[in-house]
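Chains as they are written, first to last, in the working numbering: chain A, 236 to 438; chain B, 4 to 464.
A virtual CB, placed ideally from N, CA and C, is assigned to each residue, including glycine.
In what follows, a single structure is set out as structure tokens and then discussed.
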Ligand code: SF4
């Protein structure tokens with residue numbers, strides 16, 4: 236395959252050699268694609284909640300409300316990041332079975348997973364996860380309900396800002412609503428491989 | 004042959020397939036347009052800019068490819084190069100064999116379709132399972148995708164339910180929610196058993212070596228949460244110069260393809276998992292695939308390499324809407340495919356040289372393309388190439404008689420005068436069914452041959 240490398244590079248050089256000039260790298264205002272009108276003057280946590288609703292995700296500002304929502308849906312067994320559970324446990328109370336270890340052999344036992352988010356993007360209603368913040372990738376993905384704990388100060392206004400802040404983490408994932416498909420006759424179905432219910436708990 | 008090949012394929016299309024392809028492409032296109040124009044003051048300027056970014060990237064691949072290779076290596080990924088489909092398949096096989104891996108879960112990647120990876124691995128005794136719902140259904144039916152974003156746009160729920168029943172995924176049930184739930188249950192255990200997760204890449208930043216993957220279902224994320232080895236198959240044209248360019252392209256991709264502000268999962272991968280993270284690949288391989296792309300780069304159609312595979316040109320195309328995807332006999336259907344597929348055939352170009360002709364050159368594809376590819380111009384260049392290479396052109400009426408007439412002034416004048424006779428022919432009575440069907444709905448305008456010349460002569464005096 237070293238041969239393939241040399242062959243490809245030499246074909247690329249050969250293909251480009253006849254060009255008298257190359258297309259320049261355009262310079263542009265990074266804000267070009269930002270939905271300014273939507274963001275201007277808004278409280279970012281409020282805007283985030285509003286935009287999440289639009290992609291059929293939910294935002295809460297109290298842990299007790301999340302616990303009520305889970306109970307109402309019958310999702311009482313789940314996983315929680317061990318670093319978060321001490322603060323959350325008092326709001327959940329009895330009636331919940333919560334593990335702070337995720338056993339991949341029993342992936343279907345967890346109806347919900349609670350992990351920390353690295354941030355969020357208000358403009359698009361997006362939750363930002365990364366390897367540093369997420370205790371287990373699987374716990375944020377496999378359960379039917381995912382609850383991401385988002386710090387108010389970590390909400391970006393727009394995607395351009397979020398790209399600029401990608402940082403050094405080896406894996407960053409933006410989650411905009413629940414997992415979905417429209418493959419069967421164009422009908423929208425939520426919860427294909429990932430969560431069918433996506434929640435942000437803004438703290 | 005009486006018709007162009009694409010007509011023959013589309014003539015055999017079932018009525019409900021045609022209707023569903025037409026309906027869903029049309030509605031996606033309309034939502035796309037509304038979204039872009041509601042949200043942005045100048046969406047066309049954004050498309051032009053995205054096109055300039057990608058054009059710059061492909062015209063500087065000689066700089067960016069070595070740069071991205073160095074970045075990826077520094078990030079801890081292993082980089083491979085594959086000149087052909089065979090060598091890309093062989094590279095995947097070798098990685099799997101070296102690890103003693105037997106099971107792969109695959110996210111959707113067009114390159115893997117192009118190189119027919121799943122079949123290749125199966126032939127070598129390895130399992131390669133599609134996880135995108137549509138691609139999974141295509142795989143169990145041994146079918147082909149017919150749209151680059153919506154692989155089973157040509158199937159209805161009843162057909163899918165029948166396939167699921169046949170595969171032992173439960174008793175017949177054609178409710179789309181049930182179908183999805185059954186696939187969810189079946190596939191999640193497959194992810195957890197698999198040794199290797201294979202993905203494509205929507206973009207690769209030369210600046211950071213970040214690979215960007217977008218999906219709505221979350222299947223590529225599951226591949227990267229459950230398996231220990233990640234292989235990314237990447238066409239060499241997927242490069243973007245800088246991270247900041249990603250926000251322009253991502254803003255356009257979801258809106259153009261599926262009328263979403265942003266695709267549900269947008270993942271930025273710059274290496275194997277972080278050491279402290281329990282889940283995810285410890286090993287990451289990136290295979291850069293040429294498979295004809297350098298020929299495209301050398302051609303006068305290199306603009307097509309800007310394509311970000313959004314599918315918007317398929318959705319808007321009047322030919323695709325009628326013919327559906329299989330009529331293009333290629334991995335890439337629709338307007339993008341009419342350009343890319345013949346080019347990727349390399350010296351077998353004549354086999355697909357008819358595709359550029361299956362277009363009315365209406366220009367709609369260019370207008371919706373998020374990277375502003377002048378598809379109609381490229382189609383014309385390819386028609387020209389077919390002519391120059393003397394590729395036979397089935398379905399095109401012979402133009403010899405017309406050419407003779409048009410080059411002989413006397414013959415031309417005689418024909419113009421003779422044409423007046425047409426005004427007295429009762430078109431409706433001519434015993435040719437096609438002509439009768441045509442005349443049923445339309446009337447020929449009165450023949451006025453020669454009037455223009457008369458008018459010219461008078462003006463000249
Ligand atoms: S050619 Fe343009 S519109 Fe068509 S799929 Fe590619 S990027 Fe999308």
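Check	Outcome
Shorter than 7 Å, the distance from the beta carbon of residue 338 of chain B to the closest heavy atom of the ligand SF4, or not?	yes
Going by C-alpha to C-alpha distance, which of B/107, B/393, B/140 sits closest to residue 128 of chain B?	B/107
May I have a chain-ordered list of the alpha helix (DSSP H) segments no shorter than 4 residues that lie completely inside the region 130-214 of chain B?	136-143, 160-169, 179-196
At a CB distance below 8 Å, what residues from the region 264-293 of chain B approach chain A? Give them in sequence order.	264, 265, 266, 267, 268, 269, 270, 271, 272, 273, 274, 275, 276, 277, 279, 280, 281, 282, 283, 291, 293
Quick check on residue 348 of chain B: does DSSP put it in helix, strand or coil?	coil
Between the region 127-142 of chain B and the region 416-425 of chain A, can you find at least three pairs of beta-carbon atoms closer than 8 Å?	yes
Note down the Cα distance separating residue 186 of chain B from residue 388 of chain B, rounded to an integer number of angstroms.	46 Å
Here's the rule: buried if 16 or more other CB atoms are within 10 angstroms of the residue's CB, otherwise exposed. What is residue 268 of chain B?	buried
Flag this pair as yes or no: are the beta carbons of residue 102 of chain B and residue 304 of chain B separated by less than 8 Å?	no
Given a threshold of 16 other Cβ atoms within 10 Å of its Cβ, counted over all protein chains shown, does residue 306 of chain B qualify as buried or as exposed?	buried
Going along chain B, which residues have a C-beta under 8 Å from residue 261 of chain A?	52, 55, 56, 59
With a threshold of 16 other CB atoms inside 10 Å of the CB of residue 30 of chain B, please say whether the residue is buried or exposed.	exposed
Across which residues does DSSP place residue 236 of chain B in a beta bridge pair?	B/290
Using the rule of at least 16 other Cβ atoms within 10 Å of the residue's Cβ for burial, across every protein chain shown, is residue 270 of chain B buried or exposed?	buried
Is residue 368 of chain B near the ligand SF4, going by C-beta to nearest heavy atom under 7 Å?	yes
In the structure shown, what three-state DSSP assignment does residue 239 of chain A receive?	helix
Please list, in chain order, the residues of the region 66-89 of chain B that have any C-beta partner in chain A closer than 9 Å.	68, 69, 72, 78, 79, 82, 83, 84, 85, 86, 87
Under a Cβ-count criterion, where at least 16 other Cβ atoms within 10 Å of its own Cβ denotes burial, should residue 169 of chain B be classed as buried or exposed?	exposed
For residue 298 of chain B, count the other beta carbons within 10 Å of its own beta carbon; 16 or more makes it buried, fewer makes it exposed. Which is it?	buried
Any heavy atom of the ligand SF4 within a distance shorter than 7 Å of the CB on residue 373 of chain B?	yes
Can you tell me whether residue 305 of chain B sits near the ligand SF4, meaning its C-beta is under 7 Å from at least one heavy atom of the ligand?	no
Taking the DSSP output, what are the residues bridged to residue 56 of chain B?	Answer is none; residue 56 of chain B lacks a bridge partner.
Mind checking who residue 315 of chain A pairs with in its DSSP beta bridge?	A/349
With the cut-off set at 8 Å, would you say residue 371 of chain B and residue 316 of chain B are in Cβ contact?	yes
Hey, how far is the Cα of residue 225 of chain B from the Cα of residue 193 of chain B?	10 Å
Can you give me the C-alpha to C-alpha distance between residue 450 of chain B and residue 216 of chain B, rounded to a whole angstrom?	59 Å
Which term fits residue 2 of chain B, buried or exposed, when burial requires 16 or more other beta carbons within 10 angstroms of its beta carbon?	The structure shown does not extend to residue 2 of chain B, since chain B is modelled only from 4 through 464, so no value can be given for it.
Report the partner residues of residue 106 of chain B according to the DSSP bridge assignment.	B/130
What's the call for residue 413 of chain B, buried or exposed, on a 16-neighbour Cβ count within 10 Å?	exposed
Using a Cβ-Cβ cutoff of 9 Å, what residues of the region 336-358 of chain B are near chain A? List them in chain order.	none
For residue 407 of chain B, count neighbouring C-beta atoms within 10 Å of its own C-beta (all shown protein chains included) and say buried if the count is 16 or more, exposed if not.	exposed
For the alpha helix (DSSP H) containing residue 371 of chain B, name the first residue and the last one.	367-371
Is the beta carbon of residue 385 of chain B closer than 8 Å to that of residue 342 of chain B?	yes
How about the region 319-326 of chain A and the region 244-261 of chain A: do they share at least three Cβ pairs that are nearer than 8 Å?	no
Per DSSP, which residues does residue 424 of chain A bridge with? Please list them.	A/416
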